[in-house]
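Numbering (the working numbering), first residue to last: 4 to 444.
In structure tokens form, the structure reads like this:
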């Protein structure tokens, strides 16, 4: 008899677990950007299909995760499948729960199992929806009037709202120019976009959300790098004319306006949407003069970044912006070796020792840049980086410094047209006054 009682209980528990209430909803997708400023965000209807019988005094609680109910929220229960509806009233509510109580059952008595409670009228506090992307869920749990679990133990859960970032931007083509040593570092190698152009592409995206969508109105892209090479007339800074000759931003329909800052290290491209809530890729073309032009400057290896800001209107019509995290926009590299000797003094009181070691099998032309007092002087030396040897370029560099009028402290860049892994540069100076030797590279 005892074993039969246990078996009956076990079967009852199994049957209860197999017939627990279930919930369903058609979730709304809400724009994180577009929903800002909305008074509230509505919760779509939650359907609770019952799998047990309810009596007067039984309660059920709907628990919210991922957001909070607005204080004006007035959730209510309606019914589906009943011939005669029961009476259910809101017992209490908090920021994350709504508890209801059955106050009357149908007369004549109806079976609850297989029929549905419908939750409507719930409203979410907007700031708790737009503070982060993710799913917002409702969970159903019921208890008898005596506090026992009824119909389920709080495992019936449905997503009712998904909040998602609608606006983004990314670099879809990076700058990748390879500066050509054999052409005096004044243009790129063949195989790039062209020997005088390099192209950057930045693509903003406006994803479809569905509820409280943002409306795209434009963008601002700030490209950062060293653009001093654009200055070709010898005056201070990059003029609007020089910028227009060296840089152009285009797209399929939008209007693009470009400016450069006084320091010559940031180009700002302002994009005005022309197609109406349609984001498009920006193609930014950098054009260098190339060796054939006598005014062509020497190009430097460097890395680029881009900071983008998306402009939009919220669903409420408020003009807003979204800053996108700074991203790499590519780099310019060299088809050879370059090294900086950050300090090397010249003059009658100093002697220099500068050596180029080549452990490889490819001889390379050696070019030096001497920078002093804000001016840079460049020369391709007679000496070359001989394979499997060390080449002393001290005297040739000293003579070049003298003919350039360089005395005192200077910065030297050594460029070798050989594989980077094979080349090493050392720099030492000797002070005659105190017999001090200092290795600076």
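Backbone N, C-alpha and C fix where the C-beta goes; we use that ideal spot for every residue, glycine too. In this text the structure is predicted, and so the values were computed from the model without any measurement.
I need the boundaries of the alpha helix (DSSP H) containing residue i, first residue and last residue.
i: residue 397; result: 397-406
i: residue 248; result: 243-249
i: residue 132; result: 129-133
State the CB to CB distance for the pair residue i and residue j, rounded to an integer number of angstroms; the pair is presumed to be in contact (CB under 8 Å).
i: residue 77; j: residue 124; result: 5 Å
i: residue 163; j: residue 178; result: With 8 Å as the limit, residue 163 and residue 178 do not qualify as a contact, their Cβ atoms being about 45 Å apart.
i: residue 126; j: residue 45; result: 6 Å
i: residue 43; j: residue 129; result: 6 Å
i: residue 421; j: residue 340; result: 6 Å
i: residue 70; j: residue 32; result: The pair is not a contact, with the Cβ atoms about 14 Å apart (cut-off 8 Å).
i: residue 23; j: residue 154; result: 6 Å
i: residue 386; j: residue 393; result: That pair is no contact at about 11 Å.
i: residue 345; j: residue 443; result: 7 Å
i: residue 48; j: residue 151; result: With 8 Å as the limit, residue 48 and residue 151 do not qualify as a contact, their Cβ atoms being about 28 Å apart.
i: residue 119; j: residue 92; result: With 8 Å as the limit, residue 119 and residue 92 do not qualify as a contact, their Cβ atoms being about 18 Å apart.
Kindly indicate which residue of the options has the alpha-carbon position closest to the one of residue i.
i: residue 224; options: 369, 283, 342, 137; result: 283
i: residue 424; options: 436, 337, 152, 306; result: 337
i: residue 288; options: 205, 364, 298, 412; result: 205
i: residue 433; options: 347, 322, 184; result: 347
i: residue 300; options: 186, 243, 51, 366; result: 186
i: residue 34; options: 314, 136, 47, 108; result: 136
i: residue 370; options: 161, 184, 84; result: 184
i: residue 245; options: 182, 232, 48, 404; result: 232
i: residue 51; options: 28, 67, 60; result: 28
i: residue 181; options: 155, 304, 410, 160; result: 304
i: residue 95; options: 83, 23, 133, 72; result: 72
i: residue 268; options: 247, 280, 240; result: 240
i: residue 367; options: 349, 174, 388, 165; result: 388
i: residue 53; options: 436, 116, 109; result: 116
i: residue 408; options: 32, 350, 193, 311; result: 350
i: residue 149; options: 400, 61, 411; result: 61
i: residue 114; options: 86, 65, 193; result: 86
Hey, could you find the ends of the beta strand (DSSP E) residue i is sitting in?
i: residue 81; result: 79-83
i: residue 171; result: 170-176
i: residue 361; result: 353-361
i: residue 347; result: 340-349
i: residue 430; result: 426-434
i: residue 221; result: 218-227
i: residue 53; result: It is not in any beta strand (DSSP E) - residue 53 carries neither H nor E in the DSSP assignment.
i: residue 412; result: 411-419
i: residue 204; result: 200-209
i: residue 441; result: 439-442
i: residue 93; result: 90-96
i: residue 372; result: 367-375
i: residue 29; result: Looking at the DSSP string, residue 29 is not in any beta strand (DSSP E), and its letter there is neither H nor E.
i: residue 63; result: 62-68
i: residue 385; result: 378-388
i: residue 44; result: 43-45
Check whether the region 374-391 and the region 327-336 are in contact - that is, three or more C-beta pairs closer than 8 Å. Because the criterion of three Cβ pairs below 8 Å is not met, the region 374-391 and the region 327-336 do not touch.
Would you check if the region 352-360 and the region 412-429 touch, i.e. whether three or more CB-CB distances between them fall below 8 Å? yes
Contiguous beta strand (DSSP E) assignments of at least 3 residues, all confined to the region 256-322: 258-263, 269-275, 285-290, 305-316
Given 8 Å, three or more beta-carbon pairs between the region 289-302 and the region 190-199: Short answer: they touch.
Any 3 or more C-beta pairs closer than 8 Å across the region 97-113 and the region 78-86: Here the region 97-113 lies against the region 78-86, with 3 or more beta-carbon pairs under 8 Å apart.
Measuring CB atoms only, is the region 360-377 touching the region 404-417, in the sense that at least three cross pairs come out at less than 8 Å? yes
Length-filtered (3 minimum) beta strand (DSSP E) runs lying within the region 104-161: 119-123, 126-128, 137-146
The region 213-220 contacting the region 264-283, beta-carbon criterion three pairs below 8 Å: yes
Is there contact here, the region 249-269 with the region 209-216, by at least three beta-carbon pairs under 8 Å? no
Quick check: the region 311-321 against the region 26-40, are at least 3 beta-carbon pairs closer than 8 Å? yes
Would you check if there are 3 or more beta carbon pairs closer than 8 Å linking the region 166-175 to the region 252-267? no
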